[in-house]
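**Student:** To start, I am sharing the structure in question, which I have written as structure tokens.
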Amino acid sequence: MRSFSRKLVMLCLVFSVQGVAAVQAATEPPTSEASTPQRISVLAGKLSYTLPQGYVERELPELDAKARAQGVTGTMYVNAAQKRMVVVTETPVAEGSIAGDNDEEFLLGLANGTISKHESGYKDFRILRDKEVVKKNGLGILEIDAYGTLGNDQLLNTTLLAASGTTAAYIHLISPRDTRKTHIALIKAIIGE
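With mature numbering (1 follows the signal peptide of the UniProt record, and there is no 0) applied, the sequence shown covers -21 to -1, 1 to 172.
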């Protein structure tokens, strides 16, 4: 796996683990922040979707100035009522590398690092399934569905990985384990199924 891929996986795991605390803290009613549907686009528009009403955009405080200077971007979207969050991160691939729109080797490298980090970060982490989806525009998305426990919270955990050119995208959904139906509906909306 490329070294920058490891950095991406580590950053994203930190975001997802610390993001659970943000979801828990976000159970209070939103202040004056808008929670209208939000259009999200990654990989220069090759993957675009709309988060439904109820999600509030939050900064990722874990994304430090050094990461931003290297081109890493990220945002967290929290739905306090559903106790669900979506973390969206984009990062440049290793210098001199170019990822194809459906680069299986690159996506598997990201997936292996992601799974390894989740296994060490979650209690009783278990992969439910993984699958690859190829969108009509040729963009390959690797979906890893899992569950695990963080603190006392049993969580569904879906990671969507994609890459194109010099950028990799990581979309991480975390939901309470008992909300499987709405969790799956959001995954389908993001992928475009």
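Idealized CB from N, CA, C, for every residue including glycine.
Give every residue of the same chain whose Cβ lies closer than 6 Å to the Cβ of E122, excluding the five residues on either side of it in the sequence, and list them in chain order.
**Tutor:** K110 and L139
**Student:** Kindly give me the distance between the Cβ atoms of S20 and Q32, rounded to whole angstroms, as I take these residues to be in contact under 8 Å.
**Tutor:** Actually they do not touch by this definition, with Cβ atoms about 18 Å apart.
**Student:** Whole angstroms is fine: what's the gap from G50's alpha carbon to S143's?
**Tutor:** In a straight line, the C-alpha of G50 is about 15 Å away from that of S143.
**Student:** Taking N48 as part of the alpha helix (DSSP H), name the residues at either end of that continuous run.
**Tutor:** Checking the displayed sequence, the identity of residue 48 turns out to be Ala instead of Asn. It spans A44 to A48 - the alpha helix (DSSP H) in which A48 sits, taken as one unbroken run.
**Student:** Measure the C-alpha to C-alpha separation of K96 and D124 and round it to an integer number of angstroms.
**Tutor:** Each residue's Cα considered, the two are about 14 Å apart.
**Student:** Does the count of Cβ pairs from the region 114 to 121 and the region 62 to 74 closer than 8 Å reach three?
**Tutor:** no
**Student:** For the pair the region 66 to 86 and the region 100 to 110, tell me if three or more CB-CB distances fall below 8 Å.
**Tutor:** no
**Student:** With DSSP run on the structure shown, which of helix, strand or coil describes D132?
**Tutor:** strand
**Student:** Distance check for E38 and K45, CA to CA, integer angstroms please.
**Tutor:** One C-alpha to the other measures close to 16 Å.
**Student:** Alpha carbons only, please: which of A141, T146 and N136 is nearest the one belonging to R159?
**Tutor:** N136
**Student:** Drop a sphere of 10 angstroms on the beta-carbon of A5, count the other beta-carbons inside from all chains shown, and report buried for 16 or more, exposed for fewer.
**Tutor:** Here the model assigns A5 a pLDDT of 45, short of 50, so the residue's position is not dependable, and the following value carries that caveat. Flag for A5 reads buried.
**Student:** In whole angstroms, give me the CA-to-CA distance for I163 and D43.
**Tutor:** Rounded to the nearest whole angstrom, the CA to CA distance from I163 to D43 is 31 Å.
**Student:** My output table needs one value for I150: the three-state DSSP class, helix, strand or coil.
**Tutor:** strand
**Student:** Determine the DSSP secondary structure at T93, reduced to helix, strand or coil.
**Tutor:** helix
**Student:** Going by DSSP, what residue range makes up the alpha helix (DSSP H) through I170?
**Tutor:** Where I170 is concerned, the enclosing alpha helix (DSSP H) stretches over R159 to I170.
**Student:** Quickly, what does DSSP pair S143 with across the bridge? List them, please.
**Tutor:** T146
**Student:** Please state if the CB of G117 and the CB of D80 are separated by a distance shorter than 7 Å.
**Tutor:** yes
**Student:** When the Cα atoms are used, what is the spatial distance from L87 to P71?
**Tutor:** Distance between the alpha carbons of L87 and P71 is about 17 Å.
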